[in-house]
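Each residue of the sequence shown is one higher than the one before, counting from 181 in my numbering. All C-beta atoms in this analysis are idealised placements derived from N, C-alpha and C, irrespective of residue type, glycine included. Written below as structure tokens is the structure these notes are about.
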Amino acid sequence: MLSIKDLNVSYGAVHAIHNASLEVKDGEIVSLIGANGAGKTTILHTVTGLKDAKSGTMTYDDLDLCTTDASKLIKYGICHVPEGRHIFRDMTVMENLEMGAYSKKKDKYDMGKNIEKVFERFPRLKERYKQLAGTLSGGEQQMLAMGRALMGEPKILLLDEPSMGLSPILVKEIFSIIKYCHEIGITILLVEQNAKMALSIADRAYVLETGNITISGKASDLFEDDRIRKAYLGQ
């Protein structure tokens, strides 16, 4: 589904991503783990057109992501939930959800049905549907960001640090939502510093260190790898 080969990305003279290659197959959860500053977010930004690649290829099915305008990606089923949520703080919960469906053709899209699906999965959003998004708690804002993404009926979700800044209880809830997204048929590329949680739900995983993918394989194998356990799992 998503294939990245020999990707190089720079910020001026700083070479941030070095010949990175990874793939996400249809129906998988793939985790990209690594320390803060390793380049995980840069890879997602490059995939979704927020940052230009210096070299390499990125394809989604038959779509060349290097030449596709970022604003068109949602029409192909690619949805990015960015680090920091980036909800519309001065709009209500309902208005944020409606914005998630902006690309849909109104004559072929059932807005009400999809909002009800989101409210069913996120009952707290239903309780607060008239509330300004900026007044929600951090966990509720993350739920809203994910609910807004689901309104676009994505085929693949790119999730950037969804558990950042949340309490352990809310982290568990967010990861249960990620598993729900997978269960309803959405493919997921998950960027996450919480390696333990990320590896626990993934099919496969990649480790990124200072812009280089150093380890890859089945998530269960990486979970038992001594290098991973020492560096990322605190064991």
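query                                                                                                                                                    : result
Check C259 in the structure and name its three-state DSSP category.                                                                                      : strand
Whose C-alpha, out of R384, K205 and T394, is nearest the C-alpha of G214?                                                                               : T394
Among R269, E353, T367 and G314, which residue has its Cα nearest to the Cα of F302?                                                                     : E353
Pick out the complete alpha helix (DSSP H) segments inside the stretch 220 to 291, 4 residues or longer, and give them in chain order.                   : 220 to 227 and 273 to 279
In terms of DSSP beta bridges, what is T367 paired with?                                                                                                 : I336
Would R328 be called buried (16 or more neighbouring beta carbons within 10 Å of its own) or exposed?                                                    : buried
Distance, Cα to Cα, K363 vs A193?                                                                                                                        : Lys is not the amino acid found at residue 363; the sequence shown has Glu there. Roughly 42 Å between the two C-alpha positions.
What does the alpha-carbon distance come out to for the pair E263 and S235?                                                                              : 24 Å
Check whether the stretch 208 to 222 and the stretch 383 to 402 are in contact - that is, three or more C-beta pairs closer than 8 Å.                    : yes
Cutting at 7 Å between CB atoms, please list the residues of its own chain near F299, excluding the five before and the five after it.                   : L305 and K306
Contact defined as beta carbons within less than 8 Å: I believe L338 pairs with D270. What is the distance between those atoms, to the nearest angstrom? : L338 to D270, Cβ: 25 Å. No contact.
Considering only residues of the same chain and omitting the five flanking positions on each side of K310, which have a CB-CB separation below 8 Å?      : T272, V273 and M274
Please classify K231 as buried or exposed, where buried requires at least 16 other C-beta atoms within 10 Å of its C-beta.                               : buried
DSSP three-state call for G319: helix, strand or coil?                                                                                                   : helix
Taking the alpha helix (DSSP H) that R407 belongs to, which residues open and close that run?                                                            : D406 to Y412
With C-beta atoms as the reference, is I258 less than 8 Å away from I336?                                                                                : yes
Is I366 closer than 8 Å to A325 when the C-beta atoms are compared?                                                                                      : no
Can you tell me the Cα-Cα spacing of D401 and K288, whole angstroms?                                                                                     : 44 Å
I want to see whether chain C comes within less than 8 Å of F268, judged by CB atoms only; does it?                                                      : Absent from the structure: chain C. Only one protein chain is present.
Whole angstroms are fine: how far does the CA of R265 sit from the CA of Y240?                                                                           : 24 Å
Cα-Cα, which of L350, I295 and Q373 is closest to E333?                                                                                                  : I295
Bridge partners for S343 per DSSP, in chain order?                                                                                                       : In DSSP, S343 forms no bridge with anything.
CB A385 to CB A399, shorter than 8 Å?                                                                                                                    : yes
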